[in-house]
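Asks:
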Amino acid sequence: MSSFGTGCSGLPPFRPALTPLFAFILAVSAFAPAPAAAIELTVYCNPSQLGALQGVIADWEESTGNSVRLLTAHDSSSEVLGLYRKLLEDGNRDIDIYNVDQAWTAMVAPHLVDLRTYMAGLEKLHLPGVIDNYTIHGRLVAMPQFVDAGVMFYRKDLLDKYNLPLPFTWSRLVECANTVVAAERATGDSDIWGLAFQGDRYEGLTCCALEWIYAHGGGTIVAGDGAVTINNPDAVAALGMAADWVGTLSPPEVLAMNEEASRKFFQDGRAVFLRNWPYVWPYLQAGDSPVRGKVGVMPVPKGTPNGPSPSVSGGWALAVSKHSRHRETAADLVFYLTGPLGQKKFCLTDNHIPSVTSLFFDPEIRRAIPMAVQEFFTATVARPVRQTGGKYDRVTTAFYETVHDILAKRVTPEDGVVKLEAALNRLRQDGWN
Ligand code: GLC
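So for the sequence shown, the numbering used here puts the first residue at 7; every next one is plus one.
What follows is the structure, encoded as structure tokens:
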């Protein structure tokens, strides 16, 4: 738990303004009466975002005289979801704001306020596709803090050393990694592997496996119209390919790796490639990082050179609980944190990709976050969140459990997808929502 800064109550309410649209909206909203007394808000957040959030929240506290208590819990997205659902379903009145993963916004949506009620128009500052992801049955239930997309980090020094071109397809990546690993092991580095990724049984594995499957033409587990599509030869081939990696291209411990474990493995110089999210970049470039200056970043490989980009979209957002006693003040904080000023500071601190469109052209963002290229974050693949609605958690759990079993060779890819298809169709029986 973290509680800090009571701020300076003599100052007027915080009113950030950048673009004309934003300035107009804020000018209109300035007629709203200032809160009579300082309010303490409680924000529940993912631990990895704590530091960056604290910095931005401190600005808001100072400007408004209100204060914020920051709470954190588990590290993995799946565990955080379990906790949030319990708090929201119990009608917990102490938590005002939750930071939510894009993947499960639909599941907690009934407990969240429609943020357009508090300040319609601010959403126009963000990438439209991202706002769509947080609009459930016409209600804008969260505002994006940043967008994520899967990316592939690679050891530029090692590819250069062996004169290897960047591999833009999975088969080329496997070839390239095997060449480097064989050569490096021959020189005595027996500790090096080809690829690290998120192979533990959790949401991160869903993202990785969807990228393999989609790249090879195997679809998105459940199609846009709700049909279960996972049982197909392309999906089987993609999962078979990944199962072959465990213990050969990837270390056996990949089956227990989340984002941070795989990041550390790569950062220690133990893998040629790392599939992860953009936040990893500054860690790799830190002063004490063994791979500082030796790393490059490229898109997640395709199945064929002209195939679609399989990079899975992700990201986090801030939502106000319906059960909060301070909904209006909480919405004000959310708008500040996700607006141009707050989002810029947050993204620069934590190296995230902004969703505020103007920030893609901001020179500081472009310098600090080399991956902040707008096109890249609009051509992504969505998890089947929208089509499976309130059941997405069960869909993803069944999916990553099956994929984990396949990777651990407890089941063949063929049998795995047959059972998964049956389980998903049972879930679908009385509709997805
Ligand atoms: C990242 C993504 C999020 C995804 C999670 C999986 O945090 O932003 O959308 O669900 O990783 O571990």
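All residues carry an ideal CB built from backbone N, CA and C; glycine is no exception.
#1: Could you spell out where the alpha helix (DSSP H) holding PHE352 opens and where it closes?
#2: State the start and end residues of the unbroken beta strand (DSSP E) segment that holds GLU46.
#3: Taking just the CA atoms, how far does ASP411 sit from VAL417?
#4: Provide the residue(s) that pair with ALA155 in DSSP beta bridges, ordered along the chain.
#5: Taking 7 Å as the cut-off, is the CB of GLY88 close to at least one heavy atom of the ligand GLC?
#6: Can you tell me which of VAL409, GLU420, PHE405, GLY395 puts its alpha carbon nearest to the alpha carbon of TRP110?
#7: Buried or exposed: where does PRO419 fall if 16 or more other Cβ atoms within 10 Å of its Cβ makes it buried?
#8: Looking at GLY320 and the ligand GLC, is the gap between the Cβ and the nearest heavy atom below 7 Å?
#9: Would you say SER317 touches the ligand GLC, meaning its beta carbon is less than 7 Å from a heavy atom?
#10: Compare the beta carbon distance of GLN151 and THR386 with 8 Å and say whether it is the shorter of the two.
#11: The alpha helix (DSSP H) that contains MET113, what's its start and end?
#12: Kindly indicate which three-state DSSP category ALA202 falls into: helix, strand or coil?
#13: Once DSSP output is grouped into helix, strand and coil, what is the label at PHE279?
#14: Thinking C-beta only, is LEU426 closer than 8 Å to THR408?
#15: Taking 7 Å as the cut-off, is the C-beta of GLY210 nearer than that to any heavy atom in the ligand GLC?
#16: Mapping DSSP to helix, strand and coil, what is TYR160?
#17: When every heavy atom of the ligand GLC is checked, does at least one fall within less than 7 Å of the C-beta of ALA109?
#18: Give every residue of the same chain whose Cβ lies closer than 8 Å to the Cβ of GLN393, excluding the five residues on either side of it in the sequence, and list them in chain order.
#19: Starting from the Cα of LYS300, find the closest Cα among PHE367, ASN52, PRO307, PHE159 and give me that residue.
#20: DSSP on TYR406, reduced to helix/strand/coil?
#21: Spatial neighbours of LEU170 within its chain, please: CB distance less than 6 Å, with the 5 preceding and 5 following residues excluded, ordered by chain position.
#22: If the criterion is Cβ atoms closer than 8 Å, does the pair LYS351 and PRO360 meet it?
#23: Going by the C-beta, is GLN273 closer than 7 Å to any heavy atom of the ligand GLC?
#24: Would you kindly work out how many angstroms separate the C-alpha atoms of LEU216 and SER69, rounded to a whole number?
#25: Relative to the alpha-carbon of ILE142, which residue among LEU128, GLN380, ALA112, ALA241 has its alpha-carbon at the smallest distance?
#26: Nearest-angstrom Cα distance between SER8 and ALA64?
#27: Buried or exposed for HIS132, going by 16 or more other Cβ atoms inside 10 Å?
#28: Is it the case that the segment 308 to 328 contacts the segment 101 to 109, given that we only count it when at least three CB pairs across the two stretches are under 8 Å?
#29: Can you give the beta carbon distance from TRP218 to ALA248, rounded, assuming they're within the 8 Å contact cut?
#30: For ALA36, does the three-state DSSP call read helix, strand or coil?
#31: How is the beta strand (DSSP E) around MET304 delimited, first residue to last?
Replies: With the structure as the only source:
#1: Segment 346 to 356, the alpha helix (DSSP H) holding PHE352.
#2: 46 to 51 is the span of the beta strand (DSSP E), which, as asked, contains GLU46.
#3: Distance between the alpha carbons of VAL417 and ASP411 is about 6 Å.
#4: Answer is SER319.
#5: Not under cutoff, so the answer is no.
#6: Selected option, being the one with the closest Cα: GLY395.
#7: Label assigned to PRO419: buried.
#8: Answer for GLY320: yes, Cβ within range of the ligand GLC.
#9: In this structure, the ligand GLC has no non-hydrogen atom nearer than 7 Å to the beta-carbon of SER317.
#10: Against a cut-off of 8 Å, the Cβ pair of THR386 and GLN151 comes out as no contact.
#11: Element bounds for MET113: 111 to 114.
#12: ALA202: strand per DSSP, three-state reduction.
#13: Secondary structure at PHE279: strand, using DSSP grouped into helix, strand and coil.
#14: Result yes, Cβ atoms of THR408 and LEU426 sit closer than 8 Å.
#15: Within the chosen limit of 7 Å, the ligand GLC reaches the beta carbon of GLY210 through at least one heavy atom.
#16: Note: TYR160 maps to strand in three-state DSSP.
#17: It does: the Cβ of ALA109 is within 7 Å (strictly closer) of some heavy atom of the ligand GLC.
#18: Closer than 8 Å at the Cβ level, and outside the excluded window around GLN393, lie VAL228, ALA229, GLY230, ASP231, GLY232, TRP438.
#19: Checked all of PHE367, ASN52, PRO307, PHE159; the closest Cα to LYS300 is PHE159.
#20: Note: TYR406 maps to helix in three-state DSSP.
#21: The answer, listed in chain order, is CYS182.
#22: It is not a contact, given that the beta carbons lie outside the stated cut-off.
#23: No; taking the cut-off as 7 Å, the Cβ of GLN273 has no heavy atom of the ligand GLC nearer than that.
#24: Cα to Cα, the separation comes out at about 44 Å.
#25: The option with the nearest alpha carbon to ILE142 is ALA112.
#26: Residue placement at SER8 cannot be trusted, given a pLDDT of 34 that sits under 50; what the coordinates show is reported in the next sentence. Cα-Cα distance, rounded: 12 Å.
#27: Burial call: buried.
#28: The answer is yes - the segment 308 to 328 touches the segment 101 to 109, with three or more Cβ pairs under 8 Å.
#29: The C-beta distance from TRP218 to ALA248 rounds to 5 Å, short enough to fall under 8 Å.
#30: Any reading at ALA36 must be qualified, since the residue scores a pLDDT of 41, below 50, and its modelled position is unreliable; the value itself is stated next. Looking at ALA36 - three-state DSSP - the assignment turns out to be coil, as it is neither helix nor strand.
#31: For MET304, the uninterrupted beta strand (DSSP E) run begins and ends at 301 to 305, by DSSP.
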